[in-house]
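In what follows, a structure is listed as C-alpha cells, so that the remarks can point back to it.
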Amino acid sequence: MLGLMQDWPLLVHKIIDHAALYHAQRGVVTRTLEGPIVRTTYREIAIRSRKVAQALDQAGIKEGDRVATLAWNTARHLETWYGITGIGAVYHTINPRLFPEQIAWIANHAEDRVLFFDTTFAPIVAQIAAELPRVKLFIALTDRAHLPEIPVPNLVAYEDFIANANGDFAWRELDERAACGLCYTSGTTGNPKGVLYSHRSNVLLSLMAGGVDGMGVSGRDTILPVVPMFHANAWGLAFLAPMIGANLVMPGAKLDGTSICELLETERVTMTAAVPTVWLGLLQYLEASGKQLPHLRRVVIGGSAAPRSMIETFETKYGVEVIHAWGMTEMSPLGTLGTLKPGLEEQPYPRQLEYKVKQGRPLFGVELKLVGDDGRELARDGKTFGRLKVRGPAIAKGYFRGEGASAFDDEGWFDTGDVATLDEDGYMTITDRAKDVIKSGGEWISSIEIENLAVSHPAVAEAAVIGVHHPKWDERPLLIVVLKQGATATRDEILDHLSGKIAKWWMPDDVVFVDSIAHTATGKIQKLELRKSFANYRLPGVA
Ligand code: ADP
1 MLGLMQDWPL LVHKIIDHAA LYHAQRGVVT RTLEGPIVRT TYREIAIRSR KVAQALDQAG
61 IKEGDRVATL AWNTARHLET WYGITGIGAV YHTINPRLFP EQIAWIANHA EDRVLFFDTT
121 FAPIVAQIAA ELPRVKLFIA LTDRAHLPEI PVPNLVAYED FIANANGDFA WRELDERAAC
181 GLCYTSGTTG NPKGVLYSHR SNVLLSLMAG GVDGMGVSGR DTILPVVPMF HANAWGLAFL
241 APMIGANLVM PGAKLDGTSI CELLETERVT MTAAVPTVWL GLLQYLEASG KQLPHLRRVV
301 IGGSAAPRSM IETFETKYGV EVIHAWGMTE MSPLGTLGTL KPGLEEQPYP RQLEYKVKQG
361 RPLFGVELKL VGDDGRELAR DGKTFGRLKV RGPAIAKGYF RGEGASAFDD EGWFDTGDVA
421 TLDEDGYMTI TDRAKDVIKS GGEWISSIEI ENLAVSHPAV AEAAVIGVHH PKWDERPLLI
481 VVLKQGATAT RDEILDHLSG KIAKWWMPDD VVFVDSIAHT ATGKIQKLEL RKSFANYRLP
541 GVA
C-alpha cells in the first residue's frame with residue numbers, strides 16, 4: 001500500500017520561488033567584476049532568472065541541453081543557474097583555472113550549447129571559441145558597456161540577452177530526477193569525468209546539509225561562499241542560502257586575504273566556507289594587519305585536510321568555530337562534517353581538537369564503509385585503514401557518458417579513492433588519496449598526518465609529504481616545506497618538531513625547502529607533480 005502524501009517534486013527552481021516569496025528582502029551582495037559592490041534581493045534574482053529561462057527558451061535551448069558557465073561567484077552567475085534549471089536544461093560549471101585546452105575538451109565532451117562567461121575569462125573564450133562548434137551563443141556576464149572586444153561569433157552581453165525577455169514565463173514541469181547540473185572532477189587520473197546532478201539530489205543535499213550539526217546556518221546568517229560555484233556547487237551554499245533566507249556575499253574574482261577580510265568586515269559575514277589555501281591567505285593577512293573577525297562565527301574548511309594549527313588559530317585567536325568537512329564532486333559534494341557529538345563539548349579543548357582535525361561524521365543520507373584490498377568490510381575502530389566507499393541519494397551512480405564505471409559496484413557503492421579510518425562514533429579520518437599513499441616496508445604512512453604536524457611549526461606556511469623510492473623500504477617519506485615569509489628553520493629543527501609526535505618509522509627521511517608548491521584547480525597540493533619533480537631524489541644514506 002502506498003502512502004497518501006503528495007508527490008511534490010524536489011526541483012531546484014522552487015528554492016528561488018520560495019526565497020522570492022518568504023525571504024524577499026534577503027539577497028545577494030556581489031563584488032562585481034566591473035568593480036562596485038552591487039546588492040540585489042532574492043525577489044529580483046527570481047525575476048531575472050525567469051528572464052534567463054525565457055531568453056534561453058527563445059534561443060532554442062531545450063530540456064536536457066547543457067549550458068556552460070565559466071564564472072566567479074556573483075549574483076548573475078546565480079541567476080543563470082536558476083534560469084537554466086527552470087527550463088529543464090543543465091547548468092555546466094567549468095573550472096576556469098584549468099588550461100584552455102582542458103576547458104575546450106570538457107565543453108565539447110559535455111556538448112554545451114551556450115556559454116555564459118565572466119569578462120575575466122574573455123581571453124580564454126577568444127582562444128577556444130573556434131574549437132567549440134556546438135556552442136551557438138556566447139554570453140558575457142556583463143552589460144553592453146563592458147562587453148569584451150573579442151573575435152567571437154554570436155557574442156552578446158548578459159544584460160542585453162535578458163532584456164529581450166519580459167519574465168512572464170512559467171517554470172517547466174519536470175521529473176525531480178531530471179538532470180540539473182554537470183561538474184567535471186579534476187581528472188588527476190585520466191580525463192576529467194562528469195558528475196551529473198539531478199534536481200532531487202541538489203535539493204536533498206541542501207536539506208541534508210542545512211542542519212545545526214551540518215553547516216549550522218539559519219536565515220539570520222550572512223554567508224560568504226569563497227568556495228567557487230564551479231567547485232562542486234559551492235558546496236551547496238547557492239541552494240541552501242535562498243532556501244533558508246540567509247544572505248549571500250559573493251566575492252567575484254578577488255579571493256585574496258585582504259579582499260576576503262574586507263567583505264567579512266563590511267558585510268558582517270557570519271559564516272564562510274573554502275579550501276585551506278584560501279584560509280592560509282586570510283590568516284597571514286590577519287596576522288600582518290592585526291585585524292580581528294568580530295562578526296564571523298563559523299568557517300567550513302574542506303577540499304583538503306584542514307591542519308590542526310589552522311583550526312586552533314581560528315578558534316582560539318579569532319573566536320571562530322571551525323567545521324572541518326569532507327566531500328567530493330561526486331557527492332554533491334558533502335559527505336561528512338566535523339561537529340562535536342554530545343559529551344565532547346565538555347571535554348578540554350585539546351581533546352575536542354583531536355575530533356575537529358578528523359574529517360567529521362556523515363550527514364543523514366550518506367552511508368560510509370571501509371573495505372580492504374579483498375573487498376571485505378573493515379573494522380570501525382579508528383585505527384584500521386581502508387578504502388572508503390559511500391552510498392546515498394545525493395551521490396553519483398555513474399559518470400556522464402558511462403566513463404569510470406569501475407568506481408561503482410553492483411550494490412550501489414561508490415569507491416571514493418580515499419583511504420580512511422572510521423571510529424566507533426562515526427568520525428572519519430582521511431589518511432590519503434589512495435594514489436598518494438606512501439608504502440614503506442609494506443605498511444602505509446599517512447602523508448596528511450605528517451603534513452598536519454609540519455604546518456604546526458611556527459616557521460612553516462605549507463607542507464607536503466610524498467613517497468620517494470627507497471631500495472630497502474620501497475618508499476620513504478620526503479617532507480617538502482614552504483617557509484612563511486621572513487621565517488627561517490633548518491631541516492633538523494623541523495624534524496625535531498615532528499619527533500615524538502608520530503611513530504618513528506613515519507619520520508620523513510629528509511626535508512626539502514621550496515619557494516612554493518603548485519595547487520590543482522580545486523586548491524589541492526599537486527602531489528603528482530611533486531612526485532615527478534622528486535622522482536630521482538636521493539634520500540640521505542641511500543647510495
Ligand atoms: P577534485 O577531485 O576535482 O579536486 P573534489 O573536491 O571532488 O575535487 O575532490 C574530492 C577529494 O578531495 C576527496 O576525495 C578527498 O581526497 C579530498 N578532500 C576533500 N575534503 C577533504 C578533507 N577535509 N580532508 C582531506 N581530503 C579532503
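Numbers 1 to 543, taken from our numbering, label the letters of the sequence shown in order. Don't be surprised by glycine CBs; every beta carbon is placed ideally from N, CA and C.
Sub-8 Å separation of Leu-204 and Pro-393 beta-carbons: Cβ distance < 8 Å, so Leu-204 and Pro-393 count as in contact.
Start-to-end residues for the alpha helix (DSSP H) that takes in Thr-277: 276–289
Touch test, the segment 421–439 against the segment 378–392, Cβ-Cβ under 8 Å, three pairs minimum: yes
The segment 293–311 contacting the segment 257–273, beta-carbon criterion three pairs below 8 Å: yes
Extent of the continuous alpha helix (DSSP H) to which Trp-81 belongs: 75–86
Ala-178, DSSP secondary structure in three states: coil
Ser-456: CB within 7 Å of a non-hydrogen atom of the ligand ADP: No - the ligand ADP has no heavy atom lying nearer than 7 Å to the Cβ of Ser-456.
Cβ-based burial, Glu-330 [other Cβ within 10 Å; buried from 16]: buried
Residue closest to Pro-251, alpha-carbon to alpha-carbon, out of Arg-113, Pro-36, Ile-525 and Val-482: Pro-36
Nearest-angstrom Cα separation, counted from Lys-358 out to Pro-307: 10 Å
Environment of Gln-58 [buried if 16+ CB atoms lie within 10 Å]: Burial state of Gln-58 is exposed, judged by a 10 Å Cβ sphere holding fewer than 16 other Cβ atoms.
Coarse secondary structure for Asp-168, derived from DSSP in three states: coil
Segment contact flag, the segment 464–479 with the segment 502–519, C-beta cutoff 8 Å, min 3 pairs: Look at the beta carbons and you see the segment 464–479 touching the segment 502–519: at least three pairs across the two are nearer than 8 Å.
Beta-carbon proximity check, Met-215 vs Val-300, cutoff 8 Å: yes
Closer than 7 Å: Asp-418 CB and nearest the ligand ADP heavy atom: yes
Bridge-paired residues (DSSP) for Ile-480: Ala-464 and Val-512
Nearest neighbour of Ala-288, chosen from Ile-525, Ser-332, Gly-486 and Gly-27 [CA to CA]: Gly-486
Arg-31: first and last residue of the uninterrupted beta strand (DSSP E) it sits in: 27–31
Cβ separation of Arg-39 and Val-52, assumed to be a contact under 8 Å, to the nearest whole Å: About 19 Å; that fails the 8 Å criterion.
Alpha-carbon spacing of Leu-334 relative to Gly-441, whole angstroms: 35 Å
Separation of Val-460 from Val-481, as counted between CA atoms: 7 Å
7 Å CB neighbourhood of Asp-436 in its chain, flanking five on each side removed: Ser-447 and Lys-527
Cβ separation of Thr-429 and Met-229, assumed to be a contact under 8 Å, to the nearest whole Å: At roughly 29 Å, the Cβ-Cβ gap does not stay under 8 Å, so Thr-429 and Met-229 are not in contact.
Trp-105 CB to nearest heavy atom of the ligand ADP below 7 Å: no
Simplified DSSP state of Tyr-548, which is helix, strand or coil: A question about residue 548 goes unanswered here, because the residues of the chain that appear run from 1 up to 543.
Residue from Thr-339, Ala-130, Trp-171 and Pro-151 with nearest C-alpha to Ala-209: Taking only the C-alpha atoms, the option nearest Ala-209 is Thr-339.
C-beta contact flag for Trp-545 and Lys-389 at 8 Å: No answer is possible for residue 545: the residues shown for the chain start at 1 and end at 543.
Whole-angstrom distance between Ile-87 and Leu-56, CA atom to CA atom: 8 Å
Stretch-stretch touch, CB-based, cutoff 8 Å, three pairs: the segment 1–21 with the segment 74–88: yes
Beta-carbon proximity of Ile-124 to Pro-100, cut-off 8 Å: yes
Inter-residue CB distance, Pro-477 and Ile-438 (contact presumed, cutoff 8 Å): 5 Å
Nearest candidate by alpha-carbon position, reference Val-542, set His-497, Glu-63 and Asp-474: Answer by Cα proximity: Asp-474.
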